[in-house]
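J.: Take a look at this one; I'll ask things after.
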Amino acid sequence: MKISILCFAMMAINTPTVIFDFNPGKDLGDWYVLDDGVMGGLSLGNLCLTKDGHGLYTGNISLENYGGFSSIRCSLQNINCTDKTKISFRVKGDGKKYQFRIKHDSYDYHSYVHHFKTKNEWEEITLYLEDFYPSFRGRTINMENFNHDSFEEISILIGNKKEESFKLEIDYIHLQ
Numbered sequence: 362m363k364i365s366i367l368c369f370a371m372m373a374i375n376t377p378t379v380i381f382d383f384n385p386g387k388d389l390g391d392w393y394v395l396d397d398g399v400m401g402g403l404s405l406g407n408l409c410l411t412k413d414g415h416g417l418y419t420g421n422i423s424l425e426n427y428g429g430f431s432s433i434r435c436s437l438q439n440i441n442c443t444d445k446t447k448i449s450f451r452v453k454g455d456g457k458k459y460q461f462r463i464k465h466d467s468y469d470y471h472s473y474v475h476h477f478k479t480k481n482e483w484e485e486i487t488l489y490l491e492d493f494y495p496s497f498r499g500r501t502i503n504m505e506n507f508n509h510d511s512f513e514e515i516s517i518l519i520g521n522k523k524e525e526s527f528k529l530e531i532d533y534i535h536l537q
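Each number in our numbering comes from the position in the sequence shown (counting from 1) with 361 added on.
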C-alpha cells in the first residue's frame, strides 16, 4: 500500500498544469493582441480559433513609424510554479523566431523572455523557467533570471527587426 501511495504522489507532482488548451468552442476572452500601434507602429496581428481547435496567430510586421512587433497575451490567475521547472507547448510555425514571455506580476513593466524558433510542422517546444531572462522594451535589464514561485501573464511575441508576415498555430501550453 505504501508503494501505491508513493506512486500516486509522484504522478501528481509530474502532472502538467494546463495553462491553456485551444479546443473547438474555447473562449479566447483572456487573450488579446498587442501590436506596435501602441507606439505609433503599423504592425497587425490577429488571434482566432481554427475549426480543428488550434489557436491561429497571424499577421504582418511593419517597420514603418518605428514599429516592428506584434504579440498575443493572456492574463492568468496566479499560476503556481513552485514544483515546476519548464513550460512546454505544441506549435506549428513558419520557420521564424518568436519569443515566449512571462510576467510574475501583470503590473510589472518587464517580462521574462525566452526565444524559440519554429518549424513548418507540429512540434513540442520545452523552455526551462530558469532560462527566462528579464527584458523591457527589447532590452535585457540587470536583474536575475526568472526565479519566482508564480506568474500572472504569458505572451508570444514576434519582432525580428524586419518586415514579414507570420503564422503560428498553437495547440496547448503546459507548465511541467
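We treat Cβ as the ideally placed atom computed from N, Cα and C, and that holds for glycine.
Using only CA atoms, which one of K480, C409 and N384 lies nearest to V394?
T.: Checking every option, the nearest Cα to that of V394 belongs to C409.
J.: When the distance is taken between beta carbons, is L490 closer than 8 Å to I448?
T.: Taking 8 Å as the Cβ cut-off, I448 and L490 qualify as a contacting pair.
J.: Report the partner residues of Q460 according to the DSSP bridge assignment.
T.: Looking at the DSSP assignment, Q460 forms a beta bridge with H476 and L518.
J.: If S431 and D396 are in contact, beta carbons under 8 Å, what's the gap, nearest whole angstrom?
T.: Their Cβ separation, rounded to whole angstroms, is 5 Å, which keeps S431 and D396 in contact under 8 Å.
J.: Using the three-state DSSP reduction, which class does E524 fall into: helix, strand or coil?
T.: E524: coil per DSSP, three-state reduction.
J.: When we look at the beta-carbon of E514 and count the other beta-carbons within 10 Å, is it buried (16 or more) or exposed?
T.: The residue in question, E514, is buried, as its Cβ has 16 or more Cβ neighbours within 10 Å.
J.: Using a C-beta cutoff of 8 Å, does C409 count as contacting chain D?
T.: Going by chain labels, chain D is absent from the structure shown, which holds only one protein chain.
J.: For the beta strand (DSSP E) containing I380, name the first residue and the last one.
T.: Note, I380: beta strand (DSSP E), T378 to D382.
J.: Take T378 and list the residues in its own chain whose beta-carbon comes closer than 6 Å to its own, dropping the five residues that flank it on each side.
T.: For T378, where only same-chain residues beyond five positions count, the Cβ hits under 6 Å are L536.
J.: For G456, count the other beta carbons within 10 Å of its own beta carbon; 16 or more makes it buried, fewer makes it exposed. Which is it?
T.: Its Cβ having fewer than 16 others within 10 Å, G456 is exposed.
J.: With distances taken between CB atoms, is the gap from I380 to I502 smaller than 8 Å?
T.: For I380 and I502, no; Cβs fall outside 8 Å.
J.: If you follow the beta strand (DSSP E) that E482 is part of, which residue opens it and which one closes it?
T.: Careful: E482 lies outside any beta strand (DSSP E) and carries neither H nor E.
J.: Rounded to whole angstroms, what is the Cα-Cα separation between N481 and F450?
T.: Taking the straight line joining both Cα atoms gives about 15 Å.
J.: What is the residue span of the beta strand (DSSP E) that N407 lies within?
T.: Counting along the chain, the beta strand (DSSP E) containing N407 begins and ends at L405 to L410.
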